[in-house]
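The next block holds one structure in the form of structure tokens; read it before the comments.
Residue numbers (the working numbering): -12 to 135.
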């Protein structure tokens, strides 16, 4: 998992996670571009925590979505795309879980590590769903296009 993504997630979870629609909101487009330009200008930098802590929680969530969406290959990979879709169409829970487990196991290790990191963040966000309205279903709805 890239250092900047870990620092972005740490900065996000240290902020108020009860903001309604935290992952549904798009953030400031100009601010996102500036964030990306700053990251691109310093490719060898390893400590991004202070940089990300200066951003709003909505901006950080939008940055994470943008990063995932703009990966050269989707996080769940083109090769395994059909397998992940198949898991959502399984007729039984056991079938769906079995297919999903298999698909995650055969993901390339960097993708699997990043997926587990992102899922841990989303679980953390969902723990505040009474306030932020981002339960698992809503998070899946806004995040799926960014990782598939």
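Ideal Cβ positions, reconstructed from N, Cα and C, are used throughout, including at glycine.
key: alpha helix (DSSP H) segment containing residue 133, residue limits   = Element bounds for residue 133: 123 to 134.
ask   = Would residue 20 be called buried (16 or more neighbouring beta carbons within 10 Å of its own) or exposed?
value = With fewer than 16 neighbouring CB atoms inside 10 Å of its own CB, residue 20 falls in the exposed class.
task = Could you check if residue 14 is buried or exposed, using at least 16 other CB atoms within 10 Å of its CB as the buried criterion?
result = Result: buried.
ask   = DSSP state of residue 25, grouped into three classes?
value = Residue 25: helix per DSSP, three-state reduction.
inquiry  = Please return the same chain residues whose Cβ sits closer than 7 Å to the Cβ of residue 3, not counting the five positions on each side in sequence.
reply    = Taken in chain order, the residues that qualify are 44.
inquiry  = Mapping the DSSP letters down to three states, classify residue 40 as helix, strand or coil.
reply    = DSSP places residue 40 within a helical segment (H, G or I) once states are collapsed to three.
inquiry  = Once DSSP output is grouped into helix, strand and coil, what is the label at residue 85?
reply    = Residue 85: helix per DSSP, three-state reduction.
C-beta contact flag for residue 93 and residue 73 at 8 Å = No, Cβ-Cβ distance for residue 93 and residue 73 is not below 8 Å.
key: Selection from 16, 117 and 126 that minimises the alpha carbon distance to residue 107   = Ranking 16, 117 and 126 by Cα distance to residue 107 puts 126 first.
request  = Determine, using beta carbons only, whether residue 9 and residue 112 come nearer to each other than 8 Å.
outcome  = With respect to residue 112, residue 9 sits close: the two C-beta atoms are nearer than 8 Å.
From 98, 124 and 95, residue whose alpha carbon lies closest to that of residue 109 = Selected option, being the one with the closest Cα: 124.
Pair within 8 Å by beta-carbon distance, residue 62 and residue 98 = With respect to the 8 Å criterion, residue 62 and residue 98 are classified as neighbours on the basis of their beta carbons.
query = Where residue 119 and residue 101 are concerned, what is the direct C-alpha to C-alpha distance, given to the nearest angstrom?
reply = Cα to Cα, residue 119 sits roughly 24 Å from residue 101.
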